[in-house]
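Numbering (this note's numbering), first residue to last: 3 to 274.
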């Protein structure tokens, strides 16, 4: 028995999700989305894809390539701030950070697969593609343990109403119109269900008394009054001294963040 194995990607997926915040914890099947899985040349993968076109869905087996550590107890993003055994979760922080996702198969051309909504960030290495077979892969009556309990609570109407202040709305509109960046729908979705501090959801209380939530390469400051959440300002995730530092050229939305700080220098982050 060997204590190590060597795996090689068969390809890499191309999506519009550059940061984890943009990738939902499970794909939403009804969303209009097209992603591309490009299989690598030189291994005759064109033949390996023969007969797959007749399937509506496929399983992707992939690697959480941005994670380098694992934890036996993790804090899932959904539900109360309660740690659970990693094997009872879909957490990326695993002994072997393997992921699996069922996705719609929209088309195949050569060694390229067009896929529907997924939860993979751009550039994720994929190890295998398997057909989704409903008779074997679907067990709708199976007990989902603690997840079923949390989902029952989440299925209730959102408890909080989320609004953007005039200043935050101006910033959001500028990002949309100037840079085609819009993280506010996901921001509103998260805060409307539970805006309380939570490490995995990247929500924390500031020394000033307000709260903040990390939104990938961005942040949002907000307050809570009763059941109303008000987003008071959008912010960059990095201060200017980092964005202009050598070695930070690959920071997501780097140019947009620098332009944002030039327009709103008074809200530059104090840490990052």
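Backbone N, C-alpha and C fix where the C-beta goes; we use that ideal spot for every residue, glycine too.
Residue 231 is bridged by DSSP to 164, 226. Secondary structure of residue 180 (DSSP, three-state): helix. Using a Cβ-Cβ distance cut-off of 8 Å, the segment 87-103 and the segment 150-169 are not in contact, since fewer than three pairs of beta carbons, one from each stretch, lie closer than that value. In the three-state reduction of the DSSP assignment, residue 139 falls in the helix class, which pools H, G and I.
In the three-state reduction of the DSSP assignment, residue 251 falls in the coil class, being assigned neither a helical nor a strand state. With a 10 Å radius around the Cβ and a threshold of 16 neighbouring Cβ atoms, residue 78 comes out buried. Per DSSP, residue 262 is one residue of the alpha helix (DSSP H) stretching across 256-265. Shown here, residue 187 sits in a helix according to DSSP, grouped into three states. Looking only at 122, 169, 89, 58, the smallest Cα-Cα distance to residue 232 is reached by 169. When DSSP states are grouped into helix, strand and coil, residue 70 belongs to the coil group. Going by beta carbons, residue 39 and residue 13 fall inside the 7 Å limit. Distance check between residue 11 and each of 180, 71, 52, 62 places 62 closest, using alpha-carbon atoms only. Per DSSP, residue 51 is not a residue of any alpha helix (DSSP H), being assigned neither H nor E. DSSP, reduced to helix, strand and coil, places residue 124 outside both helices and strands of the structure shown, so it counts as coil.
The DSSP-derived three-state label of residue 87 is strand. For residue 16, the enclosing beta strand (DSSP E) stretches over residues 13-16. With distances taken between CA atoms, residue 263 lies nearest to 221 out of 225, 230, 221.
Secondary structure at residue 237: strand, using DSSP grouped into helix, strand and coil.
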